[in-house]
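Under my numbering, the very last position in the sequence shown is 236; numbers go up by exactly one each time.
Glycine included, each C-beta is placed from N, C-alpha and C at the ideal position.
Bear in mind the structure is a predicted one, so any value in this text is a computation, not a measurement.
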Amino acid sequence: LTQAVIQAYNTGISPNGNTTNLGNWRYSGAFFFAVTVVTTIGYGKLSPSTVGGQIFCIFFALLGIPLNLILLNRIGKWMLSGVQHCSSFLAQKFHKKKVAKAMTSSFSLVIGLLLFLLLPPLGFSAKEGWTYEEGFYYAFITLTTIGFGDYVVGTNPTRSYSGWYRDMVALWILFGLAWLALLFNLCTSMLENAGSACHCAQVKKKMIANKVAESEPREKGGSGDDET
């Protein structure tokens, strides 16, 4: 009985209703499922129940995951080029390259936080009936590809959803993952630059110490010659 209930739920039958939720496997639901597969989020709320669907899902994931990584890389480069253009524009205007770079990095960080983490929970609260904290939790768990599946958009049988709702959430996931990858790359580059700066400082100190050590014997030798 338990297996029958689980299979019925996976095929779109809600335990809170007496009708099959065919929207789960219509285009918007299938598109959302495909995005969760190629992004490796895998909520687990919706999954293929037939052998043919499971086999297709395997090959789809094998092909889709690498292509999605390429897509996220391109989107991240596009975002980075926009940040770099803004930085170069501000540097030419204010003639301060470091200040312009810091301003654009801070601005892109704030805009990304607003668009992908802070504002979406408001929409989730309105459409899903969640609290802001639950919406923020869902956004973070989704964009970090943890995907527990305890909160999933568009699965509440007591609420009606527009056809474009899941499509917009899928696009939010794709751009949010690209922004998060860009953020991680920026943090990594900052740490690497800090490490290289520390290494250069250590090398410079060693060079100065070696020069001082080499000059001391010469000074002693020169003072001995003067005494003779």
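### Task
Determine the extent of the alpha helix (DSSP H) in which G137 is found, giving its start and end residues.
The count along the sequence shown starts at 1 and reaches residue 137 at position 129. Counting along the chain, G137 falls outside any alpha helix (DSSP H), and DSSP gives it neither H nor E.
### Query
Under 8 angstroms between the Cβ atoms of F124 and G50?
Here the question's residue 124 lines up with position 116 in the sequence shown. Here the question's residue 50 lines up with position 42 in the sequence shown. No, these two residues do not count as a Cβ contact at 8 angstroms.
### Query
Are any of the Cβ atoms in chain C nearer than 8 angstroms to that of F144?
Absent from the structure: chain C. Only one protein chain is present.
### Task
With DSSP as the reference, label L30 as helix, strand or coil.
Position 22 of the sequence shown, counting from 1, holds the residue named residue 30. With a pLDDT of only 47 at L30, under 50, the local geometry of the prediction cannot be trusted, and the value read off the model is given with reservation. Correct three-state label for L30: helix.
### Query
Do you know how far the Cα of G61 is from the Cα of G169?
Locating residue 169 in the sequence shown gives position 161, counting from the first residue. Locating residue 61 in the sequence shown gives position 53, counting from the first residue. According to the sequence as given, residue 169 is Tyr; it is not Gly. Rounded to whole angstroms, Y169 and G61 show a C-alpha spacing of 25 angstroms.
### Query
Mind checking G90: buried by the 16 CB within 10 Å criterion, or exposed?
As a working note, residue 90 is residue 82 in the sequence shown. So G90 counts as exposed.
### Message
I'd like to know whether the C-beta atoms of T84 and V45 end up nearer to each other than 8 angstroms.
### Response
Here the question's residue 84 lines up with position 76 in the sequence shown. Here the question's residue 45 lines up with position 37 in the sequence shown. According to the sequence provided, residue 84 is Gly. The question's Thr does not apply to it. G84 is not a Cβ neighbour of V45, given a cutoff of 8 angstroms.
### alpha helix (DSSP H) runs wholly inside the region 34-85, at least 4 long, in chain order
Fully enclosed alpha helix (DSSP H) runs of 4 or longer: 35-46.
#### Entry: Expected contact under 8 angstroms - CB spacing of T48 and T153 to nearest Å
Locating residue 48 in the sequence shown gives position 40, counting from the first residue. Locating residue 153 in the sequence shown gives position 145, counting from the first residue. Sure, about 5 angstroms apart at Cβ, within 8 angstroms.
### Supposed contact pair R174 and G162 - C-beta distance, whole angstroms, cut 8 angstroms
Taking the first residue of the sequence shown as position 1, residue 162 is located at position 154. Taking the first residue of the sequence shown as position 1, residue 174 is located at position 166. So it is a contact: roughly 5 angstroms between Cβ atoms.
### Query
How big is the Cα-Cα spacing for V179 and R34?
For the purposes of this step, residue 179 is identified with residue 171 of the sequence shown, where counting begins at 1. For the purposes of this step, residue 34 is identified with residue 26 of the sequence shown, where counting begins at 1. The residue asked about is misnamed: residue 179 is Leu in this sequence, not Val. About 17 angstroms.
### Alpha carbon of R82 to alpha carbon of F40, nearest angstrom
Sequence index remark: in the sequence shown, residue 82 carries index 74 (1-based). Sequence index remark: in the sequence shown, residue 40 carries index 32 (1-based). Approximately 21 angstroms, taken between the alpha carbons.
#### Entry: Assigned secondary structure, K104 (DSSP; H/G/I helix, E/B strand, else coil)
Working through the sequence shown from its first residue, we reach residue 104 at position 96. The three-state secondary structure of K104, taken from DSSP, is coil.
### Query
Which residue from L191, S223, Q210 and L199 puts its Cα closest to that of V118?
If you number the sequence shown from 1, residue 118 lands on position 110. Out of L191, S223, Q210 and L199, L191 has the C-alpha closest to the C-alpha of V118.
### Message
Considering only the alpha carbon of each residue, which of M215, E222, A189 and E200 lies closest to W86?
### Response
Start at 1 with the first residue of the sequence shown, and residue 86 comes out as number 78. For W86, the nearest C-alpha among the options comes from A189.
### Message
Please report the straight-line C-alpha distance between T10 and D158, rounded to a whole angstrom.
### Response
Taking the sequence shown and counting its residues from 1, one reaches residue 10 at position 2. Taking the sequence shown and counting its residues from 1, one reaches residue 158 at position 150. Approximately 19 angstroms between the Cα atoms of the pair.
### Task
Report yes if the C-beta distance between P129 and Y140 is below 8 angstroms; otherwise report no.
On the sequence shown, residue 129 is found 121 positions in, with the first residue counted as 1. On the sequence shown, residue 140 is found 132 positions in, with the first residue counted as 1. Cβ atoms of P129 and Y140: closer than 8 angstroms.
### Query
Would the beta-carbon of E136 fall within 8 angstroms of that of N164?
Residue numbering aside, residue 136 sits at position 128 when the sequence shown is read from its first letter. Residue numbering aside, residue 164 sits at position 156 when the sequence shown is read from its first letter. Cβ distance < 8 angstroms, so E136 and N164 count as in contact.
### Task
Tell me whether W187 is buried or exposed, calling it buried when 16 or more other Cβ atoms sit within 10 Å of its Cβ.
Within the sequence shown, numbered from 1, the residue matching residue 187 stands at position 179. Residue environment: W187 is assigned as buried (16 or more neighbouring CB atoms within 10 Å of its CB, all protein chains considered).
### Query
Below 8 angstroms between beta carbons: does that hold for C65 and P56?
Position 57 of the sequence shown holds residue 65. Position 48 of the sequence shown holds residue 56. In this structure, C65 sits near P56, with a CB-CB distance shorter than 8 angstroms.
### Residue environment, F132, which counts as buried when at least 16 other CB atoms sit within 10 Å
Translated into the one-based positions of the sequence shown, residue 132 becomes position 124. Buried.
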